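Worksheet: the structure to be examined is printed underneath.
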Amino acid sequence: MTVDTPLRAQAGLEAETLAELKHRLLAHRTELLGREDALRARLAAEESATTNTFVAGAEGGAAAEADDEVIAMLHHDDAELAAVTAALARMQEGQYGWCTHCGEEIGRARLQALPQAELCIACQDVLEHRGAL
Ligand SMILES: [Zn+2]
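Right, here's the structure in full:
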């Protein structure tokens, strides 16, 4: 009995390519989780500094701005983390490599450039130009 189900060929991708992409997604997820922790710690430290010292005026404004920046980074990382997690889930289900919108192959080059891609280039293009699919 095998413990690890071998990744079957999906969307014209060889098991080897899939394994490499999976490895990159897992590494990316680890990196994102580590960065999130660091950002949350920074946010907590800044918040307690602001509350404890009662910074007013320019200094308080600067602290708030720094918070906004950290929060924006957290939002960005959250979205990326969700995309990476979803891609790993699709791999698990054997759905990886197919556009989640039109069902076409996403294509090896695009997946190698962006392993978490869930749309083919055509759908991505429409999304970017029209703002919706
Ligand atoms: Zn598509």
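As numbered in the working numbering, the sequence shown has no gaps in its residue numbers, which increase by one up to the final residue, 431.
Each residue gets a CB set at the ideal place from its N, CA and C atoms; glycine is no exception.
All values derive from a computational prediction rather than experimental measurement.
Where residue i falls: helix, strand or coil (DSSP)
i: L425; result: helix
i: E402; result: coil
i: L379; result: helix
i: A341; result: Residue 341 is actually Leu in this sequence, not Ala. If DSSP states are grouped into helix, strand and coil, L341 belongs with the helices.
i: L331; result: helix
i: L316; result: helix
Burial state of residue i, where buried means 16 or more other Cβ atoms lie within 10 Å
i: G429; result: exposed
i: I369; result: exposed
i: L324; result: exposed
i: C418; result: buried
i: V301; result: Residue placement at V301 is poorly supported in this model, since its pLDDT is 45, which falls under 50; the coordinates still yield a value, given next. Label assigned to V301: exposed.
i: C400; result: exposed
i: G332; result: exposed
i: G395; result: buried
Cβ neighbours of residue i in the same chain (closer than 7 angstroms, five flanking residues each side left out)
i: H326; result: V382
i: R322; result: P413
i: V424; result: L431
Proximity winner among the options, relative to residue i (alpha-carbon distances)
i: A347; options: A336, A361 and R338; result: A361
i: L330; options: E318, M371 and R340; result: M371
i: E345; options: A309, E334, E318 and D366; result: D366
i: A415; options: A313, E378 and T328; result: E378
i: E318; options: G401, D335, A364 and L386; result: L386
i: R338; options: D376, R408, R388 and I404; result: D376
Contact set for residue i: own chain, Cβ-Cβ below 6 angstroms, skip 5 residues either direction
i: A420; result: none
Cβ-based neighbour list, residue i, same chain, cut-off 8 angstroms, excluding 5 preceding and 5 following
i: P304; result: Low local confidence applies: a pLDDT of 48 at P304 is under 50, so the model's placement there is unreliable, and no value is given.
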